[in-house]
Amino acid sequence: MGKFIGLLICAFIMNSCNLFEGTGVDFEIKNNTNAVLHNVQLKTNKGSKTKIFNRLEPGKSVSGFLKMKKGKGNGGYVLQYEREEEKAEKIINEKFSDGNAMSHKLIFEIEADTVYLDIEHYY
Numbered sequence: 017m018g019k020f021i022g023l024l025i026c027a028f029i030m031n032s033c034n035l036f037e038g039t040g041v042d043f044e045i046k047n048n049t050n051a052v053l054h055n056v057q058l059k060t061n062k063g064s065k066t067k068i069f070n071r072l073e074p075g076k077s078v079s080g081f082l083k084m085k086k087g088k089g090n091g092g093y094v095l096q097y098e099r100e101e102e103k104a105e106k107i108i109n110e111k112f113s114d115g116n117a118m119s120h121k122l123i124f125e126i127e128a129d130t131v132y133l134d135i136e137h138y139y
């Protein structure tokens with residue numbers, strides 16, 4: 017009986033690793049331009065905590081976990097950044113539902129004239 021309870025506890029911990037990180041999504045932002053990007057921000061349009069990177073060098077990337085508030089309705093992710101001496105650019109893409117990410121990881125690739133989004137799903 018003790019082994020069963022131990023296995024049950026281990027299974028619960030392994031299946032609920034997000035208890036430690038909370039609800040959210042992993043992300044990576046790649047700078048594929050020849051310019052330094054400033055004030056790179058990723059957030060949701062429903063009030064998540066904003067991840068801010070002051071400087072992203074050409075050819076480099078940053079990554080992390082964007083924590084989201086559960087039960088905040090449906091929405092999208094907002095990527096915002098500034099190029100040298102240019103107006104801030106804002107991209108809203110990919111959806112989430114009730115504060116739950118619908119994908120495992122978001123990979124933004126910032127190019128000279130566009131932004132690509134690749135999505136890794138749980139399955």
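Residue numbers (our numbering): 17 to 139. Glycine is no exception: its CB is placed at the ideal position from the N, C-alpha and C atoms. Here the structure is a predicted model, which is why all the values come from computation and not from measurement.
- The C-beta of Y93 has 16 or more other C-beta atoms within 10 Å across all chains shown, which makes the residue buried.
- A distance below 7 Å between beta-carbons, with the five flanking residues on each side excluded, links L122 to the following residues of its chain, in chain order: V41, F43, Y93, E110, L133 and I135.
- Sequence-distant partners of A51 (beyond 5 residues in either direction) whose C-beta falls short of 7 Å from its own C-beta, in its chain, are P74, R99 and E100.
- Per DSSP, reduced to three states, the secondary structure at K83 is strand.
- Around the beta-carbon of N55, fewer than 16 other beta-carbon atoms lie within 10 Å, marking it exposed.
- Residue burial annotation: N70 is exposed, with fewer than 16 other C-beta atoms found within 10 angstroms of its C-beta.
- Taking all protein chains in view, the Cβ of I45 is crowded by 16 or more other Cβ atoms within 10 Å, so the residue is classified as buried.
- The C-beta separation of T60 from G91 comes to about 5 Å, placing the pair in contact by the 8 Å criterion.
- In the DSSP assignment, the residues bridged to T60 are Y93.
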